[in-house]
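**Q** For the numbering used here, add 1 to where a residue sits in the sequence shown, where the first one is 1. Questions regarding the structure given below will be posed in turn.
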Amino acid sequence: MLERQDFRENVDVVLDWIEKYFKEIESLPVKSKVAPKEVYNQIPGAPPLKSESLQSIMSDMDKIIKPGITHWQHPNFHAYFPGNSSVESLFAEFLTAAIGAQCMIWDTSPAAAELEERVMEWLRDNMAIPGNFEGVIQDSASSATLVAILTAREVSSDFTATTKGIPNNLRVYCSTETHSSIDKAVGISGIGTDNLVKIPVDDVLAMQPEALEAAIKADIEKGLKPSCVVAAIGTTGTVAVDPLKEIAAICKKYKVWLHVDAAYAGSALLLPEYQWMIEGIEDADSFVFNPHKWMFTNFDCSAYFVKDADILIRTFEVLPEYLKTKTRGQVNDYRDWGIPLGRRFRALKLWFVMRSYGLEGLQSKMRKHIALNDYFGKVIIESGDFEIIGKPFLNFTGFRLKPSGIDDTEVLNKLNEELLESINKSGELFLSHTKINGVYTLRMIIGQTYVEQKHIEKAVKVIKEKAVSLKSHT
Ligand code: PLP
2 MLERQDFREN VDVVLDWIEK YFKEIESLPV KSKVAPKEVY NQIPGAPPLK SESLQSIMSD
62 MDKIIKPGIT HWQHPNFHAY FPGNSSVESL FAEFLTAAIG AQCMIWDTSP AAAELEERVM
122 EWLRDNMAIP GNFEGVIQDS ASSATLVAIL TAREVSSDFT ATTKGIPNNL RVYCSTETHS
182 SIDKAVGISG IGTDNLVKIP VDDVLAMQPE ALEAAIKADI EKGLKPSCVV AAIGTTGTVA
242 VDPLKEIAAI CKKYKVWLHV DAAYAGSALL LPEYQWMIEG IEDADSFVFN PHKWMFTNFD
302 CSAYFVKDAD ILIRTFEVLP EYLKTKTRGQ VNDYRDWGIP LGRRFRALKL WFVMRSYGLE
362 GLQSKMRKHI ALNDYFGKVI IESGDFEIIG KPFLNFTGFR LKPSGIDDTE VLNKLNEELL
422 ESINKSGELF LSHTKINGVY TLRMIIGQTY VEQKHIEKAV KVIKEKAVSL KSHT
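Have a look at this one:
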């Protein structure tokens, strides 16, 4: 058991571990190779009665934990979306943990509340989000979207849903490509997933605004009440961008809450050349993006902006005696801006990252990732055996193996499923997949903080080698 005065003497054990981890990370299998229950079975069924040394805990960290880690910070982590970190963000997390503040209200750490207010303004003002939006950090985009849907539910029920129960005629709309967190939020909100209307998409997998308007109109005619539309700026499958301007005009016309889920692609709004993605945002009500995906700020950190913070607070405010303060009304008590009472000091890592990189540093890293993606798109098709599915966008490319002479979709789907498995088993890189109009598509995402051209060259080499060996077996 350590006391605070033991810190200096022991900290090197941990720092050395981290330093070694950073040095060896590129030699570790990107995707963990452990079998189900392999880690569990190595952990004793009961905690120790007596204190164990830090050395012995760290030794198990190497023996038991490390093999069970999928290395998200490996530059060849190209699966899902990145959950990238940075040295700066890590340092801030050290400090956050050392301070250990629970930042539920302004009084419980004014610096946390006021830094949060400021860094959210920094983001807003540099991402083309209008100045009348206010920001709050949530743990995840899923939570932020739940907050948006609960707020919309309150507005649609004249603020009676929380007190009297949920009206049974509320409707929520999103495209067929929208993230599953919308389904989850609509279920949790009590609106019911049967009342989540999935709007069809066009050939680039973006929501069709005419279909949205038709669905809203049809619902109104049936006596139902459109409550919320969720537009996606960067869908999970293919980073498709819904036409926000048209969607916003429809929401304005029918007085429906518009929530924008830019969980992944939102970081690119720091690049002026991508700010077209949120044209129409002034008519949206809420917006979320995750610095913990592509802004070098480690999980968890989700930036949520609302146009009318009073409505948000009215939805979530409860005021027990012990939380009444003299500063109420003059400051932001963020416990009222979301679901949990307790809050981590997450603004600190955003502040560290934004100051250490500077806006230009953030922009140049993202542009580099976009350029690496362009490079990947070019070289992957050079052998003639691969094809790009859809259009590469930002740092995403969808592709598949398509040897000449094989045209059957099911055969190709199976082949690509096997290819993905053999790539990921190699431990050299980690990719994930999606299905686009029934076509099994491998997803390449180039967004890990420290990824370089040599990593993409390696990825291409492995993908091609695995494809050759698969073809020779079929
Ligand atoms: N929205 C989109 C478009 C996503 O891609 C994801 C996750 O990848 C989410 C929401 C959920 O994000 P979180 O893990 O922060 O809840």
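By construction, the Cβ of each residue, glycine as well, lies at the ideal position given by its N, Cα and C atoms.
From Lys-64 to Val-40, what distance separates their C-alpha atoms?
**A** Distance between the alpha carbons of Lys-64 and Val-40 is about 10 Å.
**Q** Taking the DSSP output, what are the residues bridged to Tyr-275?
**A** According to DSSP, Tyr-275 bridges with nothing at all.
**Q** Going by CA-CA distance only, name the one from Phe-317, Ile-457, Leu-432, Gln-331 that's closest to Ile-381.
**A** Ile-381 has its Cα closest to that of Ile-457, out of Phe-317, Ile-457, Leu-432, Gln-331.
**Q** Compute every distance between the C-beta of Gly-235 and the non-hydrogen atoms of the ligand PLP, then say whether any falls below 8 Å.
**A** Answer for Gly-235: yes, Cβ within range of the ligand PLP.
**Q** Mind listing, in chain order, the continuous beta strand (DSSP E) runs of no fewer than 3 residues lying wholly within the region 123 to 197?
**A** List check, beta strand (DSSP E) in window: 135 to 139, 171 to 176.
**Q** For Tyr-481, verify whether its CB is less than 8 Å away from any heavy atom of the ligand PLP.
**A** Only positions 2 to 475 of the chain appear in the structure, and residue 481 is not among them; the question remains open.
**Q** Output the distance between the C-alpha atoms of Asp-409 and Ser-470, rounded to the nearest integer angstrom.
**A** Asp-409 and Ser-470: Cα-Cα distance of roughly 20 Å.
**Q** Consult DSSP for Ser-57 and reduce its assignment to one of helix, strand or coil.
**A** Of the three classes helix, strand and coil, the one that applies to Ser-57 here is helix, per DSSP.
**Q** Shorter than 8 Å, the distance from the beta carbon of Lys-436 to the closest heavy atom of the ligand PLP, or not?
**A** Answer for Lys-436: no, Cβ out of range of the ligand PLP.
**Q** Name the two residues that bound the continuous beta strand (DSSP E) containing Cys-229.
**A** Element bounds for Cys-229: 226 to 233.
**Q** From this set, Ser-357, Ala-348, Thr-442, Gln-56, which residue's C-alpha is nearest Pro-393's C-alpha?
**A** Closest option to Pro-393, Cα to Cα, is Thr-442.
**Q** Going by the C-beta, is Lys-403 closer than 8 Å to any heavy atom of the ligand PLP?
**A** Not so, every heavy atom of the ligand PLP lies at least 8 Å from the Cβ.
**Q** Straight-line CA distance for Ser-365 to Ser-357?
**A** One C-alpha to the other measures close to 13 Å.
**Q** Three or more beta-carbon pairs under 8 Å between the region 289 to 304 and the region 273 to 281, yes or no?
**A** As far as the Cβ criterion goes, the region 289 to 304 does not touch the region 273 to 281, which means the pair count is below three.
**Q** Glu-27 and Asn-85 - do their beta-carbons sit closer together than 9 Å?
**A** Their beta carbons are not under 9 Å apart, which means Asn-85 does not touch Glu-27 by this criterion.
**Q** Within 10 angstroms of the Cβ of Gln-56, are there 16 or more other Cβ atoms? Answer buried if so, exposed if not.
**A** Per the 10 Å Cβ criterion, exposed.
**Q** If you scan the region 336 to 411 from start to end, which runs of the beta strand (DSSP E) of 3 or more residues do you find wholly inside it?
**A** The qualifying runs are 387 to 394, 397 to 402.
**Q** Please list the terminal residues of the continuous beta strand (DSSP E) segment that includes Ala-99.
**A** It is not in any beta strand (DSSP E) - Ala-99 instead sits in the alpha helix (DSSP H) that spans 88 to 100.
**Q** Would you be able to state if there are at least three C-beta pairs under 8 Å between the region 302 to 310 and the region 118 to 130?
**A** At 8 Å Cβ cutoff, the stretches touch.
**Q** Tell me the residue span of the beta strand (DSSP E) that contains Thr-442.
**A** 440 to 446 is the span of the beta strand (DSSP E), which, as asked, contains Thr-442.
**Q** List the whole-angstrom C-beta distance separating Val-202 from Ser-176, where the pair is believed to meet the contact cut-off of C-beta under 8 Å.
**A** Indeed, because the Cβ distance is near 5 Å, the residues count as touching under 8 Å.
**Q** State the Cα-Cα distance for the pair Met-487 and Asn-291, rounded to the nearest angstrom.
**A** Residue coverage of the chain in this structure runs from 2 to 475, which leaves residue 487 outside it and unanswerable.
**Q** Looking at the secondary structure, which residues open and close the beta strand (DSSP E) in which Tyr-305 lies?
**A** Start and end: 303 to 307.
**Q** So Ile-435 is in the beta strand (DSSP E); what residue range does that whole segment cover?
**A** First, the amino acid is wrong: residue 435 is Thr here, not Ile. 433 to 437 is the extent of the beta strand (DSSP E) around Thr-435.
**Q** Hey, out of Gln-74, Tyr-376, Ala-269, whose CA is closest to Ala-129's CA?
**A** Looking at the Cα atoms, Ala-269 is the closest of the given residues.
**Q** Excluding the five sequence neighbours on either side, which residues of its own chain have a C-beta within less than 6 Å of the C-beta of Val-148, listed in chain order?
**A** Closer than 6 Å at Cβ, skipping near neighbours: Gly-339.
**Q** Which same chain residues end up closer than 8 Å to Leu-413 when comparing Cβ atoms and leaving out the 5 residues on each side of it in sequence?
**A** Taken in chain order, the residues that qualify are Arg-401, Leu-402, Lys-403, Ile-407, Val-440, Tyr-441.
**Q** To which residues of the same chain is Arg-172 closer than 7 Å at the C-beta, ignoring the five residues directly before and after it?
**A** The answer, listed in chain order, is Asn-196, Val-198, Asp-220, Leu-225, Lys-226, Pro-227, Ser-228.
**Q** Three or more C-beta pairs closer than 8 Å, one from the region 92 to 111 and one from the region 36 to 51: is that the case here?
**A** These segments do not touch.
**Q** Label Arg-345 either buried or exposed according to how many other C-beta atoms from any shown protein chain fall within 10 Å of its C-beta, with 16 as the threshold for buried.
**A** Its Cβ being crowded by 16 or more others within 10 Å, Arg-345 is buried.
**Q** I'd like to know if Glu-39 contacts chain B, where contact means its C-beta is closer than 9 Å to some C-beta of that chain.
**A** As a matter of chain content, chain B is missing from the structure shown, which is built from one protein chain.
**Q** Would Asp-476 and Trp-18 be called neighbours here (beta carbons separated by less than 9 Å)?
**A** The question about residue 476 has no answer here: the residues shown for the chain are numbered 2 through 475.
**Q** Taking the C-alpha atoms as reference points, what is the distance between Glu-322 and Phe-134?
**A** If you take the alpha carbons of Glu-322 and Phe-134, they lie about 30 Å apart.
**Q** Whole angstroms is fine: what's the gap from Lys-185's alpha carbon to Asp-7's?
**A** Each residue's alpha carbon lies about 45 Å from the other.
**Q** Where does the unbroken beta strand (DSSP E) through Phe-288 begin, and where does it stop?
**A** That run of the beta strand (DSSP E) goes 287 to 290.
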